[in-house]
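What follows is a short report on a single structure.
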Amino acid sequence: MLAQEEVPYDWAAFYQLISIEAEAYTSFKLTGAVKANGDQPDANDAAALWARVEKADGTPAFFDNMADRLITAKEWNKYIIQGDITSDDVNIYFGGLVVGSGSFFFDALKLEFKKADGTWTTFDLKDGGFEAEVEGNKMKYWLEGIHISTDIRSVKYSISASMDAYEGKKSLLIKRRKNF
Ligand SMILES: [Ca+2]
């Protein structure tokens, strides 16, 4: 596990990391429900899902942070990231991120893998529905940052559970602190 560093960045991110049985799969699909209540209705205040696939030496084999299609819609919608998996891929990082100011909600994250026979299997990820308590600004099952050199937490954002859920009872709320 990486050390966590506090930084004053104008973005925040969360993720989980899993090792993949690359030979068994040909592609993956990350889906999630997101609602972006940005202060400005443009991509400067927005949310996204993200995923990175890495080879054993850390070389990225796939990366998508939705930079070309950042989420600004103020109602719940489902979004998707899809990528190929090759036989020398070993790790996949996946989660969500926010940029700028506002309140950003995440729920119902789901990671699926396509098997060589063409069928899909759903990975049993921890707290993809964000039903776990968030205590002291800290998620129980999700890490913060994007897992490059160190885990980072932006002090400009608060992390909490919201009762505004896409499914279940809760969602994850990442909110820009007003004093920033
Ligand atoms: Ca939920």
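The sequence shown begins at 4 in our numbering and counts up by one.
Every residue gets a Cβ at the ideal spot worked out from N, C-alpha and C, and that includes glycine.
With a CB to CB cut of under 6 Å and the five nearest residues on each side skipped, what residues in its chain are close to ILE84? LEU33, LEU52, ALA54, ASP67
MET166 classed as buried or exposed, judged by whether at least 16 other C-beta atoms fall within 10 angstroms: exposed
Where does ALA119 sit, in a helix, a strand or coil, going by DSSP? In this structure, DSSP gives ALA119 a state outside helix and strand, which the three-state scheme calls coil.
Using DSSP with H/G/I as helix, E/B as strand and the rest coil, what is GLU136? Of the three classes helix, strand and coil, the one that applies to GLU136 here is coil, per DSSP.
Just the Cα atoms here: how many angstroms apart are PHE97 and HIS150? 10 Å
Sequence-ordered residues whose beta carbon comes within less than 7 Å of a heavy atom of ligand 1: ASP110, ALA111, GLY132, PHE133, GLU134, ALA168, TYR169, GLU170, GLY171, LYS172, LYS173, SER174
Extent of the continuous beta strand (DSSP E) to which TYR144 belongs: No beta strand (DSSP E) holds TYR144; DSSP gives it neither H nor E.
ALA25 - DSSP class collapsed to helix/strand/coil: helix
Would you kindly check if the distance between the Cβ of VAL93 and the Cβ of ALA49 is under 7 Å? no
Using a Cβ-Cβ cutoff of less than 8 Å, which residues in the same chain neighbour ASP13 once the five nearest sequence positions on both sides are dropped? These residues qualify, in order along the chain: VAL102, GLY103, SER157, LYS159.
Just to confirm my understanding: we take ASP130, look at its own chain, exclude 5 residues before and 5 after, and list those with CB closer than 6 Å. What are they? TYR144.
Which same chain residues end up closer than 8 Å to ALA6 when comparing Cβ atoms and leaving out the 5 residues on each side of it in sequence? THR153, ASP154
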